[in-house]
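What follows is a set of notes on a single structure, which appears directly below.
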Amino acid sequence: MSKHTEVELTLPALPQGWEAEGNFKALGKVTKATERSIEPVGPHFLAHARRARHKRTFSEDDKIQAEKNVKKVEDDDSGEISEPEDPMMLSRDAKDWKAQDHYAVLGLSKYRYKATEEQIKRAHRKKVLRHHPDKKAAAGSTEDDGFFKCIQKATEVLLDPVKRRQFDSVDERAEVEPPSKKLAKGDKFYKLWAAVFKAEGRFSRTQPVPKFGDANSTQEVVEDFYNFFYTFDSWRSFEYQDEDVPDDNENRDQKRHVEKKNNNARKKKKTEDSARLRNLVDQAMAGDERIKKFRQEASAAKNKKKNDKEAAAKKAVEDAKAKKEADAQAAKDAEEKAKVDKEQGKKAKEAAKAAVKKNKRVLKGSVKDANYFADGAPDAKVIDAVLNDVEIVQGKIDPDEIAALAGKLNGLKVKDEVKAVWSEEVKRLIGAGKLKDGEVKTLV
Amino acid sequence: MATTEATTNGTMPNDRHTIGISFGNSNNSIAIAVDDKAEVIANEDGDRQIPAILSYVEGEEYTGQQAKAQLIRNSKNTVAYFRDFLGQDFASIDPTHSHASAHPQEHESTVAFNIQDKADSETSTVTVSEVATRLFKRLAQSASDYSGKTVNSAVITIPTNFSDKQKAALITAANNADLEVLQLIHEPIAAVLAYDAKNEHSGSDKVVVVADLGGTRSDVAVVAARNGIYTILATAHDYEFAGTALDVVLQDHFAKEFIKWNTTDPREEARSMAKLKLESEATKKALSIGTNANFSVESLAEGADFSSTINRLRYEMIARKVFDGFSRLIEGAVKKADLDVLDIDEVILSGGTSHTPKIARNMQSLFPKATVLAPSTTPTAINPSELQARGAALQANLIQEYEAEDIEQSTHAAVTTVKHLTNAIGVLSADDVFTPIIAAETAVPARRTIHISAPAAGDVLIKIVEGGSHIKISTIEPKPKDEADSDDSDDDSDEEPEEQREKVWKVGTVLAEASIKGIKKCGKVEVMINVAADLAVTVTAREVGGKGGLRGNITAP
Ligand SMILES: Nc1ncnc2c1ncn2[C@@H]1O[C@H](COP(=O)(O)OP(=O)(O)OP(=O)(O)O)[C@@H](O)[C@H]1O
Numbered sequence: 001m002s003k004h005t006e007v008e009l010t011l012p013a014l015p016q017g018w019e020a021e022g023n024f025k026a027l028g029k030v031t032k033a034t035e036r037s038i039e040p041v042g043p044h045f046l047a048h049a050r051r052a053r054h055k056r057t058f059s060e061d062d063k064i065q066a067e068k069n070v071k072k073v074e075d076d077d078s079g080e081i082s083e084p085e086d087p088m089m090l091s092r093d094a095k096d097w098k099a100q101d102h103y104a105v106l107g108l109s110k111y112r113y114k115a116t117e118e119q120i121k122r123a124h125r126k127k128v129l130r131h132h133p134d135k136k137a138a139a140g141s142t143e144d145d146g147f148f149k150c151i152q153k154a155t156e157v158l159l160d161p162v163k164r165r166q167f168d169s170v171d172e173r174a175e176v177e178p179p180s181k182k183l184a185k186g187d188k189f190y191k192l193w194a195a196v197f198k199a200e201g202r203f204s205r206t207q208p209v210p211k212f213g214d215a216n217s218t219q220e221v222v223e224d225f226y227n228f229f230y231t232f233d234s235w236r237s238f239e240y241q242d243e244d245v246p247d248d249n250e251n252r253d254q255k256r257h258v259e260k261k262n263n264n265a266r267k268k269k270k271t272e273d274s275a276r277l278r279n280l281v282d283q284a285m286a287g288d289e290r291i292k293k294f295r296q297e298a299s300a301a302k303n304k305k306k307n308d309k310e311a312a313a314k315k316a317v318e319d320a321k322a323k324k325e326a327d328a329q330a331a332k333d334a335e336e337k338a339k340v341d342k343e344q345g346k347k348a349k350e351a352a353k354a355a356v357k358k359n360k361r362v363l364k365g366s367v368k369d370a371n372y373f374a375d376g377a378p379d380a381k382v383i384d385a386v387l388n389d390v391e392i393v394q395g396k397i398d399p400d401e402i403a404a405l406a407g408k409l410n411g412l413k414v415k416d417e418v419k420a421v422w423s424e425e426v427k428r429l430i431g432a433g434k435l436k437d438g439e440v441k442t443l444v
Numbered sequence: 001m002a003t004t005e006a007t008t009n010g011t012m013p014n015d016r017h018t019i020g021i022s023f024g025n026s027n028n029s030i031a032i033a034v035d036d037k038a039e040v041i042a043n044e045d046g047d048r049q050i051p052a053i054l055s056y057v058e059g060e061e062y063t064g065q066q067a068k069a070q071l072i073r074n075s076k077n078t079v080a081y082f083r084d085f086l087g088q089d090f091a092s093i094d095p096t097h098s099h100a101s102a103h104p105q106e107h108e109s110t111v112a113f114n115i116q117d118k119a120d121s122e123t124s125t126v127t128v129s130e131v132a133t134r135l136f137k138r139l140a141q142s143a144s145d146y147s148g149k150t151v152n153s154a155v156i157t158i159p160t161n162f163s164d165k166q167k168a169a170l171i172t173a174a175n176n177a178d179l180e181v182l183q184l185i186h187e188p189i190a191a192v193l194a195y196d197a198k199n200e201h202s203g204s205d206k207v208v209v210v211a212d213l214g215g216t217r218s219d220v221a222v223v224a225a226r227n228g229i230y231t232i233l234a235t236a237h238d239y240e241f242a243g244t245a246l247d248v249v250l251q252d253h254f255a256k257e258f259i260k261w262n263t264t265d266p267r268e269e270a271r272s273m274a275k276l277k278l279e280s281e282a283t284k285k286a287l288s289i290g291t292n293a294n295f296s297v298e299s300l301a302e303g304a305d306f307s308s309t310i311n312r313l314r315y316e317m318i319a320r321k322v323f324d325g326f327s328r329l330i331e332g333a334v335k336k337a338d339l340d341v342l343d344i345d346e347v348i349l350s351g352g353t354s355h356t357p358k359i360a361r362n363m364q365s366l367f368p369k370a371t372v373l374a375p376s377t378t379p380t381a382i383n384p385s386e387l388q389a390r391g392a393a394l395q396a397n398l399i400q401e402y403e404a405e406d407i408e409q410s411t412h413a414a415v416t417t418v419k420h421l422t423n424a425i426g427v428l429s430a431d432d433v434f435t436p437i438i439a440a441e442t443a444v445p446a447r448r449t450i451h452i453s454a455p456a457a458g459d460v461l462i463k464i465v466e467g468g469s470h471i472k473i474s475t476i477e478p479k480p481k482d483e484a485d486s487d488d489s490d491d492d493s494d495e496e497p498e499e500q501r502e503k504v505w506k507v508g509t510v511l512a513e514a515s516i517k518g519i520k521k522c523g524k525v526e527v528m529i530n531v532a533a534d535l536a537v538t539v540t541a542r543e544v545g546g547k548g549g550l551r552g553n554i555t556a557p
């Protein structure tokens with residue numbers, strides 16, 4: 001068999017470094033298969049059968065075994081729809097079909113708007129099997145075929161999507177009454193109201209309809225639910241309850257009148273129904289502990305926020321105050337320290353000044369002790385010259401040098417010794433360029 | 001579902017003369033296949049759809065169209081619409097369609113009719129099995145007359161929901177008419193076979209919806225056809241929306257017309273009703289061909305003749321509920337198979353009602369991706385009324401040389417119960433797009449080969465993966481209305497956003513990777529996937545015309 005399909009596509013380029021033994025890597029396994037029955041028909045099946053049998057003979061047991069695994073494609077017709085038939089219902093007149101419960105007639109009371117088209121068809125067939133007048137006649141009974149007509153009418157309505165919606169619109173038996181406050185307590189609240197809204201949801205053009213949820217539903221779920229029902233888009237309509245329009249051609253005015261009346265009645269009922277639903281939603285919401293809980297949570301959250309804000313403000317004020325105080329303290333400390341420092345500096349200065357004065361006295365004293373370097377009583381001119389030179393030197397050196405010089409001179413009384421010290425100092429100063437040669441003559 | 005067992009009445013394969021029979025509630029057809037070509041045989045009246053009716057007039061037996069005519073004058077001695085009563089007890093039959101003919105009765109554990117079938121005697125009780133036998137005899141006779149040989153065996157079509165008891169009863173009835181039943185085959189499969197035998201590409205993989213719209217029932221089957229192996233994925237059956245419901249629409253229409261000019265309602269008197277019914281059906285059939293049809297009955301009621309006309313448009317309007325019912329039923333079957341309308345490749349319209357052009361058009365809009373095989377949509381379509389008999393004849397031709405025992409063993413559940421792939425298996429392209437090689441719901445073992453044209457030269461990676469399909473829905477916002485043409489006042493419908501649905505693949509499990517190196521520019525890669533009965537997979541790949549290639553195994557799950 002060289003049959004193949006041609007396709008055009010770009011295969012992925014081989015990734016760098018892709019290596020496998022025999023250029024093949026098994027990576028996964030085929031998903032589990034379904035056992036199905038193939039049709040024993042056609043030339044290709046014959047080929048299959050030849051291969052599958054391979055000279056084997058299968059037994060009844062093999063058959064049972066094989067059939068057990070096969071996925072069924074035919075539905076089981078029996079069972080499912082069985083409901084006792086109310087004798088009152090059986091004696092109904094089909095003429096009064098508008099008042100008849102079409103679902104009950106077909107034995108579908110518990111399904112109602114939820115019944116699928118297939119269920120309706122099957123239910124109908126079941127009823128026909130039982131109630132067809134020809135069957136009753138064959139069994140010798142001469143019962144009238146009133147109920148059979150009811151069955152036919154019910155089927156006609158329920159298998160026509162338009163008529164079925166009209167009937168479902170006014171099918172009170174599918175309605176779930178809102179629970180009383182007393183009943184709807186605790187967890188029951190959710191169960192009871194969920195049933196109410198599940199029933200209401202059947203009229204929604206938008207499907208699926210959000211669920212009512214339970215005590216643990218999130219705020220989002222609950223809000224979505226109420227939003228949905230507050231903006232409910234309903235297909236519910238009320239033509240089923242129309243007054244019959246006379247269909248003779250004579251009375252056109254009367255006909256128009258009834259039609260108008262019907263139209264107004266439909267509109268009115270539709271408006272009332274919207275109000276009814278709104279009321280229902282209000283009622284549920286009013287009793288809904290979740291809404292209260294969310295509100296409390298919201299206000300608690302809000303309060304917390306407020307408190308936090310206040311605390312923060314207070315703290316900010318306190319912090320600012322503390323900071324201000326700390327700053328003031330620091331400033332004060334700094335001021336005091338500065339004051340102390342200043343005082344201390346003053347004292348040191350005074351001390352230094354005093355030391356300088358004292359040392360200066362030592363310097364002056366030294367020349368006096370050395371008798372102004374004169375032999376015999378010095379005259380005033382000599383004294384002046386010497387003191388003048390001492391002052392010049394004093395003026396050229398700083399307090400430390402004065403102190404050092406004073407240190408050297410201190411205790412010296414001998415003329416030459418004193419002179420030698422001064423002379424050395426003057427030489428140093430000349431060397432340092434502070435004094436000019438010959439500027440002080442008396443001290444050299 | 002039980003296998004369709006064959007029974008023997010001792011005919012040896014060499015002595016067999018075999019036909020295919022479609023045995024309906026409304027009509028029967030017989031066909032003979034010669035050299036892979038099936039032909040539907042006309043009976044002595046020249047009819048190929050032979051009304052499944054048996055009637056007695058003064059002991060004389062009538063069937064087919066002649067018996068149908070007896071529904072007007074001799075309804076008590078006329079048996080009609082009985083096929084589904086075979087193998088059933090009285091409690092479980094629906095007598096609705098037999099109302100205007102002999103009524104079914106409870107008889108011992110079976111169903112019977114009280115009819116006067118002999119010239120001068122009281123009525124006798126004829127069981128439904130006996131009625132069937134008598135019809136089988138007539139059918140076999142017609143076939144024998146045609147072929148010049150005594151026809152002694154047959155393949156007969158049955159609905160997919162026939163119970164074992166119904167099957168057994170059908171076989172007994174045929175055996176009593178000296179017909180060996182080689183096999184009972186499902187009606188929708190016979191229809192697929194009739195088409196595939198004609199089609200060159202019968203081996204292709206496709207999903208087929210067979211809508212068998214008959215007179216008293218409509219049956220739908222969703223069939224996976226994989227290389228000529230057929231698997232029914234889902235079925236739906238309906239006894240409300242069928243050909244008779246369309247007759248009723250016309251009956252009501254013409255009855256109301258009649259009442260406009262006369263005083264009585266023809267539906268209230270049995271004979272008038274019978275005439276109304278027969279003519280309505282004739283008008284309905286005429287509307288399948290022409291756009292206008294006559295309705296004309298002599299002495300319809302009160303001795304008044306009545307004639308009228310109706311055009312196709314009006315008919316399609318008043319019958320809309322029934323047509324919509326067909327569409328919902330068929331779409332429902334596709335849903336039951338867990339498929340989408342976009343998954344359907346072919347719609348075979350089978351059964352007499354399928355001649356209706358409106359139904360074919362509805363199928364075209366319901367299945368935008370499918371070929372709708374019906375006379376009004378496909379010129380090469382096979383007559384929908386003949387599909388089942390043809391398919392049965394083709395199958396008869398295939399198996400007539402086998403011993404009965406051999407056929408029984410080959411159709412045994414142990415042979416027909418087979419694993420079917422859950423997902424498709426295919427390859428991935430460079431941009432991760434999935435291309436299937438073997439379709440989902442393929443019975444294993446199975447083998448498929450594809451050739452991939454590789455435009456660029458070089459080394460390629462072949463990624464073997466599973467793929468599942470799903471439907472992507474995107475809404476196309478309507479274009480803002482052009483102010484220029486906004487003066488045409490009705491700006492309603494095109495405001496809604498349009499929904500676009502398309503089938504897309506989702507990549508599933510990666511099963512294997514393989515490499516082919518040094519492909520020439522514009523070369524071709526061949527990938528063959530072979531799935532064994534235990535779901536082990538063998539992959540072979542090579543460059544077409546190149547040397548070497550690879551083979552790898554994936555073990556069974
Ligand atoms: N050309 C046609 N146009 C429309 N309807 C047709 C046409 N030919 C036959 N029919 C209708 O098809 C129905 C019969 O279908 P078919 O011959 O397939 O019967 P069947 O298989 O015996 O059906 P069933 O078992 O469901 O009663 C009748 O209702 C008949 O009126």
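Sequences listed follow chains A and B, in order.
For the first sequence, position 362 (counting from the first letter as 1) is numbered 362 according to full-length UniProt numbering, and the numbering increases by one without interruption.
For the second sequence, position 468 (counting from the first letter as 1) is numbered 468 according to full-length UniProt numbering, and the numbering increases by one without interruption.
Glycine is no exception: its CB is placed at the ideal position from the N, C-alpha and C atoms.
- For N307 (chain A), the enclosing alpha helix (DSSP H) has its first and last residue at E289 to D369.
- Boundaries of the alpha helix (DSSP H) around T133 (chain B): V128 to S147.
- For the segment 311-331 of chain B, the set of residues with a beta-carbon nearer than 9 Å to any beta-carbon of chain A comprises K321, D324, G325, R328 and L329, in chain order.
- From the listed residues B:V126, B:K517, B:Q395 and B:T538, the smallest Cα separation to K547 (chain B) is found for B:K517.
- Three or more pairs of CB atoms, one per stretch, sit closer than 8 Å, so the segment 76-88 of chain B contacts the segment 99-110 of chain B.
- Residue pairing by DSSP places K284 (chain B) in no beta bridge whatsoever.
- With respect to L179 (chain B), I158 (chain B) sits apart: the two C-beta atoms are not nearer than 8 Å.
- Of the candidates B:P497, B:K506 and B:D459, the residue whose Cα lies closest to the Cα of G17 (chain A) is B:D459.
- For I229 (chain B), the closest Cβ of chain A is nearer than 8 Å.
- Of all residues in the segment 446-464 of chain B, those with a C-beta nearer than 8 Å to a C-beta of chain A are R447, R448, T449, I450, H451, I452, S453, A454, P455, A456, G458, D459, V460, L461, I462 and K463, reading in chain order.
- The C-beta of Q49 (chain B) comes no closer than 8 Å to any C-beta of chain A.
- Nearest CB-CB separation between F45 (chain A) and chain B: below the 8 Å threshold.
- In the DSSP assignment, E180 (chain B) falls within the beta strand (DSSP E) that extends over E180 to H186.
- Under the three-state reduction of DSSP output, Q65 (chain B) falls in the helix class.
- The beta carbon of V440 (chain A) sits closer than 8 Å to the beta carbons of D389, I392, V393 and V426 from its chain, once the five residues preceding and following it are set aside; these are given in chain order.
- In the three-state scheme derived from DSSP, where H, G and I count as helix and E and B as strand, I397 (chain A) is classed as coil.
- Between the C-alpha atoms of A381 (chain B) and A374 (chain B) there is a straight-line separation of about 6 Å.
- Contacts with chain A at 8 Å (Cβ-Cβ) include T416 (chain B).
- For H412 (chain B), the nearest CB of chain A lies under 8 Å from its own CB, placing it at the interface with that chain.
- The three-state reading of DSSP puts R314 (chain B) in helix, counting H, G and I together.
- Among the CB atoms of chain A, one or more fall inside 8 Å of the CB of V525 (chain B).
- In the three-state reduction of the DSSP assignment, A234 (chain B) falls in the strand class, which pools E and B.
- Three or more Cβ pairs closer than 8 Å define a contact, and the segment 330-338 of chain B falls short of that threshold against the segment 306-316 of chain B.
- Where W261 (chain B) is concerned, the enclosing alpha helix (DSSP H) starts and stops at G243 to W261.
- Within chain B, the residues L461 have their CB atoms less than 7 Å from the CB of P15 (chain A), given in chain order.
- Contact annotation: L405 (chain A) and L363 (chain A) have beta-carbon atoms nearer than 8 Å.
- When rounded, the separation of the alpha-carbon atoms in M528 (chain B) and A26 (chain A) is 15 Å.
- Taking a C-beta cut-off of 7 Å against chain B, the contacting residues of the segment 39-69 of chain A are E39, P40, V41, G42, P43, H44, F45, L46, H48, A49, A52, R53, T57, F58, D62, K63, A66, E67 and N69, listed in chain order.
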